[in-house]
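Visitor: One structure, as structure tokens, below. Some questions next.
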Amino acid sequence: MVKSILFVCLGNICRSPLAEGIARKVAKERGLDILIDSAGTSNYHIGEPPDSRSIEIGRQNGVNISMLKGRQISGSDSKFDLIVAMDRQNYANISRLGLGNRLVMMGEFGLDEADIPDPYYGNNQEFKMVYDMLYKAINAMFDEVLK
Ligand code: 4NP
Numbered sequence: 001m002v003k004s005i006l007f008v009c010l011g012n013i014c015r016s017p018l019a020e021g022i023a024r025k026v027a028k029e030r031g032l033d034i035l036i037d038s039a040g041t042s043n044y045h046i047g048e049p050p051d052s053r054s055i056e057i058g059r060q061n062g063v064n065i066s067m068l069k070g071r072q073i074s075g076s077d078s079k080f081d082l083i084v085a086m087d088r089q090n091y092a093n094i095s096r097l098g099l100g101n102r103l104v105m106m107g108e109f110g111l112d113e114a115d116i117p118d119p120y121y122g123n124n125q126e127f128k129m130v131y132d133m134l135y136k137a138i139n140a141m142f143d144e145v146l147k
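Mapping of the sequence shown onto the UniProt record's numbering: position 137 corresponds to residue 137, and the numbering continues sequentially without gaps.
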């Protein structure tokens, strides 16, 4: 039984905090009691709030992530039942840490694309696309993994 999920991207300010917020909302809607968190593979944005564009696209969809703070994945994250990587680069870097968790790619669930594209250098349209991909993938993941 999956009781805890960690979403991981590079900076933990764009994709994975949005994934965390969406997953918390979907879990609540489905009445599931699951520990949900997010982290980055890099140390670039430790302690920072999510990117304002992620906060905004979340807000537009009823997902409040403004209180989240960036952190880097570490050894203590081996406690999570499932780690969900946002792209192949994140997947490779997480694998290398050897935490021993079950590790999957977000794109395995309900999407045609392997990677959730990094929107950091993009515009609001990229953030909207990322939101839509995450919403679809997380619902598909809950259907498959948490049934
Ligand atoms: P994220 O996006 O991995 O989705 O949080 C990025 C955030 C920051 C950087 C790259 C990607 N950066 O290079 O600082």
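Using N, Cα and C, we set each Cβ at its ideal position, and we do this for glycine too.
Everything numeric in this text was worked out from a predicted model, so none of it was measured.
Under a three-way DSSP split, which group does Gly110 fall into?
Guide: If you number the sequence shown from 1, residue 110 lands on position 110. Reduced to three states, the DSSP call for Gly110 is coil.
Visitor: List the whole-angstrom C-beta distance separating Ile138 from Ala39, where the pair is believed to meet the contact cut-off of C-beta under 8 Å.
Guide: In the sequence shown, residue 138 corresponds to position 138, counting from 1. In the sequence shown, residue 39 corresponds to position 39, counting from 1. Not really, about 17 Å apart at Cβ, beyond 8 Å.
Visitor: Look up Asp87 in the DSSP assignment and say whether it is helix, strand or coil.
Guide: As a working note, residue 87 is residue 87 in the sequence shown. Per DSSP, reduced to three states, the secondary structure at Asp87 is coil, with no helix or strand assignment.
Visitor: Leaving out five residues before and five after Leu41 in sequence, what residues of the same chain have Cβ atoms less than 7 Å from its Cβ?
Guide: Translated into the one-based positions of the sequence shown, residue 41 becomes position 41. One point to set straight first is that residue 41 is Thr, not Leu, in the sequence displayed. Excluding sequence neighbours, Thr41 sits near Val8, Leu10, Ile73, Asn90, Asn93 and Ile94.
Visitor: Nearest-angstrom Cα distance between Leu99 and Tyr135?
Guide: Along the sequence shown, read from residue 1 onward, the residue named residue 99 stands at position 99. Along the sequence shown, read from residue 1 onward, the residue named residue 135 stands at position 135. In a straight line, the C-alpha of Leu99 is about 27 Å away from that of Tyr135.
Visitor: What residue range is occupied by the uninterrupted beta strand (DSSP E) comprising Val8?
Guide: Residue 8 sits at position 8 when you count from the first residue of the sequence shown. Unbroken beta strand (DSSP E) run through Val8: Ser4 to Cys9.
Visitor: Determine the contact status of Ser16 and Phe127, defining contact as a CB-CB distance below 8 Å.
Guide: For the purposes of this step, residue 16 is taken as residue 16 along the sequence shown, with counting starting at 1. For the purposes of this step, residue 127 is taken as residue 127 along the sequence shown, with counting starting at 1. If you check the CB distance, Ser16 and Phe127 do not come in under 8 Å.
Visitor: Would you be able to state if there are at least three C-beta pairs under 8 Å between the stretch 64 to 73 and the stretch 100 to 110?
Guide: no
Visitor: Hey, residue 176 and Leu111 are a contact pair by Cβ (cut 8 Å); roughly how many whole angstroms apart?
Guide: Coverage of the chain is limited to positions 1 through 147, which leaves residue 176 absent and any answer about it impossible.
Visitor: Check whether the Cβ of Tyr131 lies closer than 7 Å to any heavy atom of the ligand 4NP, and answer yes or no.
Guide: Residue 131 sits at position 131 when you count from the first residue of the sequence shown. False, no ligand heavy atom lies under 7 Å from that Cβ.
Visitor: Going along the chain, which residues of its own chain have a beta-carbon closer than 6 Å to the beta-carbon of Asp51, five neighbours each way excluded?
Guide: Residue numbering aside, residue 51 sits at position 51 when the sequence shown is read from its first letter. Hits under 6 Å: Ile13 and Cys14.
Visitor: Which whole-angstrom value describes the C-beta separation of Asp37 and Leu82, a residue pair presumed to lie in contact below a C-beta threshold of 8 Å?
Guide: Counted from its first residue, the sequence shown places residue 37 at position 37. Counted from its first residue, the sequence shown places residue 82 at position 82. With 8 Å as the limit, Asp37 and Leu82 do not qualify as a contact, their Cβ atoms being about 11 Å apart.
Visitor: Please identify the residue among Leu68, Val145 and Asp118 whose C-alpha is closest to the C-alpha of Ile47.
Guide: Numbered from its first residue, the sequence shown carries residue 47 at position 47. Looking at the sequence provided, one finds Gly at residue 47 rather than Ile. Taking only the C-alpha atoms, the option nearest Gly47 is Leu68.
Visitor: So the candidates are Val63, Asn61 and Asn101; which of them puts its Cα closest to the Cα of Phe80?
Guide: Translated into the one-based positions of the sequence shown, residue 80 becomes position 80. Phe80 has its Cα closest to that of Asn101, out of Val63, Asn61 and Asn101.
Visitor: Identify every run of the beta strand (DSSP E) within the UniProt domain "Phosphotyrosine protein phosphatase I" (3 to 144), keeping only runs that are complete inside it and at least 3 residues long; order them along the chain.
Guide: 4 to 9, 35 to 40, 82 to 85 and 102 to 105
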